[in-house]
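Visitor:
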Amino acid sequence: MKNRFQDITSIDFYQNKKQVKWLVFLVSFLIGSGSIWYTSLLVDELRERESRQIQLLSSALEYAATTSENLTFINQEIIQQNYSIPIIMVDSEGNPLEFRNIRFKKSATAQDSVKTLDKELLEMQEEYEPIYLQEADIRVFYRNSELLTNLRYYPYIQLAVILIFGALAYALFNQSKIAEQNRVWAGLTKETAHQLGTPIASLMAWIDYLRNSPVWEENKEIIQEMDKDVVKLRMVTERFSSIGSKPVIQPENLYGVIEETINYLRPRISTKVEMHINADSKDLDAMMNKPLFEWVIENICKNAVDAMKGKGTITIDVLQDSDKYVIVDITDTGKGIEKKNFRKVFNPGFSTRQRGWGLGLTLAKRIVEGYHGGKIFVKNSEVGKGTTFRIMLLGNLEDASQFITEGILEY
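In the working numbering, the protein residues as written are 1 to 411.
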């Protein structure tokens with residue numbers, strides 16, 4: 001029992017949220033279907049009971065019409081006790097003789113009442129065959145009581161309510177998970193930036209000390225490489241600090257930012273990987289936080305290098321899509337992505353590498369969509385040939401200001 005409970009609690013609901021969604025709807029549907037089935041049994045039983053009641057009533061009416069005995073008991077206990085089933089008795093020519101439990105408008109005239117009776121007769125004829133009283137030459141029309149009618153539609157209303165409740169429950173659960181992840185992201189990145197700040201400041205002080213020490217000339221190249229590493233650490237700290245707080249979004253030259261990032265990556269990846277940048281114009285501006293957007297380009301390009309196993313071509317196209325968006329397409333010649341995984345690649349923990357954390361594209365999506373008001377998605381991919389990721393960034397200050405004003409950046 002304990003092992004079964006552990007199996008249930010070990011399910012990754014976030015990774016399988018699509019299955020969880022369908023599970024919620026399936027359970028709701030089963031509950032509603034069970035309710036419909038059970039209510040149908042009750043409706044059939046109640047319909048049969050009402051039918052027997054009408055048969056008894058008809059027999060009493062026929063008996064009353066053919067005898068001269070004292071019929072007070074039959075009249076009071078059988079005929080007059082029908083308070084729910086609508087009935088209309090008509091003669092051989094179809095003229096109403098008597099009726100019970102027919103609703104009329106309070107302000108109805110005699111003509112309106114006749115129209116109401118005619119309408120009720122038509123509905124009764126469609127619902128049940130009339131009962132014919134031979135001795136009195138009378139036909140008794142009837143239909144289901146309001147209780148039976150309401151009971152018939154009740155389970156469908158209940159099913160709809162259950163499905164709506166299930167959808168709301170899933171939406172609230174999903175939103176709570178997203179909010180929780182946002183808080184974890186913000187808290188973790190702020191704490192990371194804070195923890196990195198102290199050792200980086202110490203390293204900077206030590207490098208300044210070594211520059212002014214007698215060992216500078218002998219160890220100049222080593223100290224310069226250390227300085228590059230410290231600069232990189234400062235960049236990482238700045239990125240984490242931006243992730244954990246509201247970043248500054250401003251116009252930046254898109255081509256220049258991408259070129260700078262690629263120039264940084266080239267000496268740090270395989271020499272068998274070629275990287276090219278094509279642009280409609282080198283003067284295109286996009287609204288961005290430069291350190292964060294550089295991080296996005298780095299993550300996607302590093303993933304591309306892994307997908308190509310250190311050998312292939314990465315092509316970056318900078319396009320003017322419209323007045324609102326500018327586009328960056330990053331294409332590799334790697335192993336490609338199956339279509340069913342186009343959305344999954346952005347989920348936390350999803351990775352095709354054995355030792356991958358599955359956070360690079362998740363982080364990229366959060367930066368592009370959560371902080372820049374843009375879009376990122378797999379434009380196309382073919383297994384064995386390569387993949388194209390498309391990034392869409394806001395191209396003007398007005399759209400970015402509206403995005404920030406709406407509070408999307410607040411986590």
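Glycine included, each C-beta is placed from N, C-alpha and C at the ideal position.
1. Is Gly-386 near Asp-321, with beta carbons less than 8 Å apart?
2. By the three-class DSSP mapping on this structure, what secondary structure does Asn-396 have?
3. Tell me which same chain residues have a C-beta within less than 7 Å of the C-beta of Ile-297, skipping the five on either side of it?
4. Taking the continuous beta strand (DSSP E) assigned at Asn-289, which residues delimit it?
5. Could you tell me the boundaries of the beta strand (DSSP E) in which Val-345 lies?
6. Assuming Gly-310 and Ser-270 make a contact with CB atoms under 8 Å, what is their CB distance in whole Å?
7. Output needed for Asp-227: all residues of its chain with C-beta closer than 8 Å, excluding positions within five of it in sequence on either side, in chain order.
8. Tell me the rounded alpha-carbon separation between Lys-177 and Lys-344.
9. If you reduce the DSSP assignment to three classes, tell me which class Lys-385 lands in.
10. Are Ser-368 and Ile-391 close, meaning C-beta to C-beta below 8 Å?
11. Keeping to the same chain, check which residues put their C-beta closer than 8 Å to that of Ala-108; ignore five residues upstream and five downstream.
12. Pick helix, strand or coil for Asn-150, following the three-state DSSP scheme.
13. Just to confirm before moving on: does the CB-CB distance between Tyr-422 and Pro-199 stay below 8 Å?
14. Answer yes or no: do Lys-335 and Gly-374 have a C-beta to C-beta separation smaller than 8 Å?
15. Around the Cβ of Lys-365, are there at least 16 other Cβ atoms within 10 angstroms (buried) or fewer (exposed)?
16. Output the distance between the C-alpha atoms of Leu-148 and Glu-50, rounded to the nearest integer angstrom.
17. Here's a check: name, in chain order, each residue in its chain whose Cβ is nearer than 7 Å to the Cβ of Glu-382, leaving out the five neighbours to either side.
18. How about Ala-201 and Phe-240: are their beta carbons less than 8 Å apart?
19. Tell me Met-275's beta-bridge partners as DSSP assigns them.
Guide: Put simply:
1. Taking the sequence shown and counting its residues from 1, one reaches residue 386 at position 386. Taking the sequence shown and counting its residues from 1, one reaches residue 321 at position 321. No, Cβ-Cβ distance for Gly-386 and Asp-321 is not below 8 Å.
2. Within the sequence shown, numbered from 1, the residue matching residue 396 stands at position 396. If DSSP states are grouped into helix, strand and coil, Asn-396 belongs with coil.
3. Translated into positions along the sequence shown, residue 297 becomes position 297. If we look at Ile-297 and ignore the five residues flanking it on each side, its Cβ neighbours are Ile-258 and Thr-261.
4. Here residue 289 refers to the residue found at position 289 when the sequence shown is read from its first residue. No beta strand (DSSP E) holds Asn-289; DSSP gives it neither H nor E.
5. Taking the first residue of the sequence shown as 1, we reach residue 345 at position 345. Looking at the DSSP string, Val-345 is not in any beta strand (DSSP E), and its letter there is neither H nor E.
6. On the sequence shown, residue 310 is found 310 positions in, with the first residue counted as 1. On the sequence shown, residue 270 is found 270 positions in, with the first residue counted as 1. Yes, Gly-310 and Ser-270 are in contact; Cβ-Cβ is about 4 Å, under 8 Å.
7. In the sequence shown, counting from the first residue as 1, residue 227 sits at position 227. If we look at Asp-227 and ignore the five residues flanking it on each side, its Cβ neighbours are Ile-207.
8. Numbered from 1 along the sequence shown, position 177 holds the residue referred to as residue 177. Numbered from 1 along the sequence shown, position 344 holds the residue referred to as residue 344. So the alpha carbons of these two residues sit roughly 17 Å apart.
9. Stepping through the sequence shown from its first residue, residue 385 is reached at position 385. The answer is coil: DSSP assigns Lys-385 none of H, G, I, E or B.
10. Residue 368 sits at position 368 when you count from the first residue of the sequence shown. Residue 391 sits at position 391 when you count from the first residue of the sequence shown. Checking the displayed sequence, the identity of residue 368 turns out to be Val instead of Ser. A contact, by the Cβ cut-off of 8 Å.
11. Indexing the sequence shown from 1 puts residue 108 at position 108. Within the same chain, Ala-108 has close Cβ partners Thr-116.
12. If you number the sequence shown from 1, residue 150 lands on position 150. Three-state DSSP puts Asn-150 in a helix.
13. Here the chain comprises residues numbered 1 to 411, so residue 422 is not present and cannot be evaluated.
14. Translated into positions along the sequence shown, residue 335 becomes position 335. Translated into positions along the sequence shown, residue 374 becomes position 374. Against a cut-off of 8 Å, the Cβ pair of Gly-374 and Lys-335 comes out as no contact.
15. Against the sequence shown, residue 365 aligns to sequence position 365. Under this definition Lys-365 is a buried residue.
16. On the sequence shown, position 148 is the one that residue 148 refers to. On the sequence shown, position 50 is the one that residue 50 refers to. Taking the straight line joining both Cα atoms gives about 9 Å.
17. Looking up residue 382 in the sequence shown gives position 382. Excluding sequence neighbours, Glu-382 sits near Gly-336.
18. Counting from 1 along the sequence shown, the entry for residue 201 is found at position 201. Counting from 1 along the sequence shown, the entry for residue 240 is found at position 240. No, the Cβ-Cβ distance between Ala-201 and Phe-240 is not below 8 Å.
19. Numbered from its first residue, the sequence shown carries residue 275 at position 275. Beta-bridge pairing links Met-275 to Ile-314.
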